[in-house]
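Below is one structure; the comments refer to it alone.
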Amino acid sequence: MKFNSNRQLTLAATGNQTEKIRININQILCNGPGICVPIAFVGLILKYLFLMDVTIVYVESVCRVKTLSLSAQLLYPFIDHLLVQWPQLKERYSGADFLGQLI
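Adding 643 to a residue's 1-based position in the sequence shown gives its number in my numbering.
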């Protein structure tokens, strides 16, 4: 039962955010919560359909020292930039960028 309600909430939130994306944007900045995944995928769809030139940047939480969060793991193959806040993650994920701690 809980899975269905979470799925319905995610779809509703995605629909709500899709309306806001109709504004001409060129960058999506995600910072970790699971709700950013559908928003990023909407941006990817727009990008791959050549409707918008969207750059997707994901900033991993400072709490993630050894592994990426589930949201980052899902988005990692598709996003333009992954910013991590620990050098251990930069070593483990070659496509990541380490700029130091951002908070």
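Idealized CB from N, CA, C, for every residue including glycine.
Comparing alpha-carbon positions, which option in the options lies nearest residue i?
i	options	result
residue 710	688, 684 and 730	730
residue 703	692, 684 and 739	739
residue 677	670, 692 and 716	716
residue 745	651, 705, 679 and 723	705
residue 674	737, 687 and 728	728
residue 726	742, 707, 655 and 689	742
residue 672	723, 699, 721 and 708	699
residue 686	735, 732, 734 and 722	722
residue 668	720, 680 and 690	690
Within 10 Å of its beta-carbon, does residue i have 16 or more other beta-carbons around it, so buried, or fewer, so exposed?
i	result
residue 701	buried
residue 683	buried
residue 697	buried
residue 737	exposed
residue 694	exposed
residue 831	In this structure the chain extends from 644 to 746, so residue 831 is not present and cannot be described.
residue 692	exposed
residue 645	Note that residue 645 has pLDDT 49, beneath the 50 cutoff, so the model's placement of it is unreliable and no number is given.
Specify the secondary structure class of residue i as computed by DSSP and reduced to three states.
i	result
residue 744	coil
residue 678	coil
residue 736	coil
residue 725	strand
residue 684	helix
residue 692	coil
If I follow the unbroken alpha helix (DSSP H) through residue i, where does it start and stop?
i	result
residue 718	713-718
Can you name the start and end residues of the beta strand (DSSP E) that residue i belongs to?
i	result
residue 670	670-673
residue 698	698-702
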